[in-house]
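A.B. asks:
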Amino acid sequence: MKTGVSMFSFTEDADLRHLFPLVKQAGYDGVEPVLSENGYLNQNTSEREILEIKKMAQDTGLEIPSVGVWSLWENNLVSNDPSIRQKAEDIIKKQIECAALMGADTILVVPGYVGCDFASKPERIRYDVAYERCVKAFRSLAPLAERAGVSIGIENVWNRFLLSPLEMKRLVQDVGSPAMGVYFDVGNIMYVGYPEDWIGILGSLIRKIHLSDYRTGQAGLGAFTDLFAGDVDFVKVTEALRAVGYNDYLTLEMLPNYKQFPEVSIVSNKVAVDRICGMMG
1 MKTGVSMFSF TEDADLRHLF PLVKQAGYDG VEPVLSENGY LNQNTSEREI LEIKKMAQDT
61 GLEIPSVGVW SLWENNLVSN DPSIRQKAED IIKKQIECAA LMGADTILVV PGYVGCDFAS
121 KPERIRYDVA YERCVKAFRS LAPLAERAGV SIGIENVWNR FLLSPLEMKR LVQDVGSPAM
181 GVYFDVGNIM YVGYPEDWIG ILGSLIRKIH LSDYRTGQAG LGAFTDLFAG DVDFVKVTEA
241 LRAVGYNDYL TLEMLPNYKQ FPEVSIVSNK VAVDRICGMM G
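With the first letter of the sequence shown counted as 1, position 145 gets the number 145 in the UniProt record's numbering; the numbers rise by one all the way through.
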């Protein structure tokens with residue numbers, strides 16, 4: 001079982017030359033770069049610059065198993081504005097390009113939102129309309145992902161959308177492509193359900209896992225916490241992952257991260273990450 005650190009844990013302009021060696025020294029196997037509006041990976045990043053990030057990781061002894069995205073929160077894939085929907089699809093196409101060049105086999109995608117409290121200009125989208133637009137978008141994008149050998153992993157996020165594992169599974173099946181799957185975050189789901197249930201139902205559709213933890217007695221982003229400090233039952237989570245045959249990356253995501261010296265979280269959570277790997281057998 002390999003472990004990684006998501007660059008979601010840091011700002012979009014994070015210094016990868018500083019962070020990658022810290023990730024390696026802490027004993028992780030990989031890193032997850034993140035596409036954003038103006039960061040180290042963006043819509044205008046050239047092939048040469050993408051390959052430089054790949055080389056930076058390789059020179060540090062790290063793999064790049066997946067590529068995340070910030071900018072789909074400001075560019076809603078299921079927006080009422082067709083131009084925004086097109087921009088969102090273009091962002092995902094750029095993710096696929098980045099992943100293929102970096103050797104990553106999965107991209108993490110926000111599948112749009114029905115409502116969002118933290119987007120700068122949030123929209124309100126009717127639920128069934130959002131679902132139809134989502135399926136249509138991924139049917140359009142899936143052939144590109146298939147040709148690139150990259151899986152599209154839709155993540156369970158705070159988007160007031162796809163609030164049931166049955167619904168998320170149905171959406172993937174409705175798209176009807178082997179490139180479609182799920183990027184499952186065990187902490188994100190705590191506000192609407194239990195991660196072990198979702199894992200059991202989604203099964204082989206799960207492409208990657210984010211490790212995070214959440215205190216259910218609190219509310220909002222401030223309820224996210226260090227691994228084992230929240231209410232995720234990692235014993236049940238690992239039992240469920242073993243039962244469905246999951247054998248891919250477990251990637252730490254600290255979002256929000258520590259207010260001071262956020263890079264310390266890479267080290268301070270490694271003992272918990274290792275314990276979780278141990279429970280995976």
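All C-beta atoms, glycine included, are put in the ideal place defined by N, C-alpha and C.
This structure is a prediction, so every number in the text was calculated from the model and none was measured.
Spatial neighbours of residue 282 within its chain, please: CB distance less than 6 Å, with the 5 preceding and 5 following residues excluded, ordered by chain position.
C.D. replies: Here the chain has residues from 1 to 281 only, and residue 282 is not among them.
A.B. asks: Relative to the alpha-carbon of V273, which residue among A229, M168 and G245 has its alpha-carbon at the smallest distance?
C.D. replies: Here residue 273 is taken as the residue at index 273 of the sequence shown, counted from 1. With distances taken between Cα atoms, V273 lies closest to A229.
A.B. asks: Report, in whole angstroms, the separation of the C-beta atoms of R133 and V78, which I expect to be a contact under 8 Å.
C.D. replies: As a first step, residue 133 is located in the sequence shown; it is residue number 133 there, counting from the start. As a first step, residue 78 is located in the sequence shown; it is residue number 78 there, counting from the start. Between V78 and R133 the Cβ distance is about 4 Å, and since that is below 8 Å, they are a contact.
A.B. asks: Excluding the 5 residues preceding and the 5 following N257 in the sequence, name in chain order all residues of the same chain whose CB lies nearer than 8 Å to its CB.
C.D. replies: Here residue 257 refers to the residue found at position 257 when the sequence shown is read from its first residue. S9, F10 and S265.
A.B. asks: Quick one: using the 10 Å Cβ neighbour count with 16 as the cut-off for buried, is D185 buried or exposed?
C.D. replies: By 1-based counting over the sequence shown, the position of residue 185 is 185. Counting of Cβ neighbours within 10 angstroms places D185 among the buried residues, the total reaching 16 or more.
A.B. asks: Output the residue ranges of the beta strand (DSSP E) runs that lie fully inside the region 195-250 and measure 3 residues or longer, sorted by chain position.
C.D. replies: 206-211
A.B. asks: Cα separation between W198 and K121?
C.D. replies: In the sequence shown, residue 198 corresponds to position 198, counting from 1. In the sequence shown, residue 121 corresponds to position 121, counting from 1. Those two C-alpha atoms are separated by around 30 Å.
A.B. asks: Output the distance between the C-alpha atoms of T45 and D128, rounded to the nearest integer angstrom.
C.D. replies: The count along the sequence shown starts at 1 and reaches residue 45 at position 45. The count along the sequence shown starts at 1 and reaches residue 128 at position 128. Whole-angstrom Cα-Cα distance: 35 Å.
A.B. asks: In whole angstroms, give me the CA-to-CA distance for Q86 and V34.
C.D. replies: Along the sequence shown, read from residue 1 onward, the residue named residue 86 stands at position 86. Along the sequence shown, read from residue 1 onward, the residue named residue 34 stands at position 34. Whole-angstrom Cα-Cα distance: 20 Å.
A.B. asks: Below 8 Å between beta carbons: does that hold for N38 and E63?
C.D. replies: Translated into the one-based positions of the sequence shown, residue 38 becomes position 38. Translated into the one-based positions of the sequence shown, residue 63 becomes position 63. No, Cβ-Cβ distance for N38 and E63 is not below 8 Å.
A.B. asks: Using C-beta distances below 6 Å, list every residue in its chain close to R160, excluding the 5 sequence neighbours before and after it, in chain order.
C.D. replies: Taking the first residue of the sequence shown as position 1, residue 160 is located at position 160. V114 and G115.
A.B. asks: I'd like to know whether the C-beta atoms of L250 and I209 end up nearer to each other than 8 Å.
C.D. replies: Locating residue 250 in the sequence shown gives position 250, where the first residue counts as 1. Locating residue 209 in the sequence shown gives position 209, where the first residue counts as 1. Yes, the pair counts as a contact, with Cβ atoms nearer than the cut-off.
A.B. asks: Assess contact between the region 61-75 and the region 91-105, defined as three or more Cβ pairs (one per stretch) separated by less than 8 Å. Is contact present?
C.D. replies: yes
A.B. asks: With a Cβ-Cβ cutoff of 8 Å, do A142 and A179 count as a contact?
C.D. replies: For the purposes of this step, residue 142 is taken as residue 142 along the sequence shown, with counting starting at 1. For the purposes of this step, residue 179 is taken as residue 179 along the sequence shown, with counting starting at 1. Yes; because the gap between Cβ atoms is below 8 Å, this pair is in contact.
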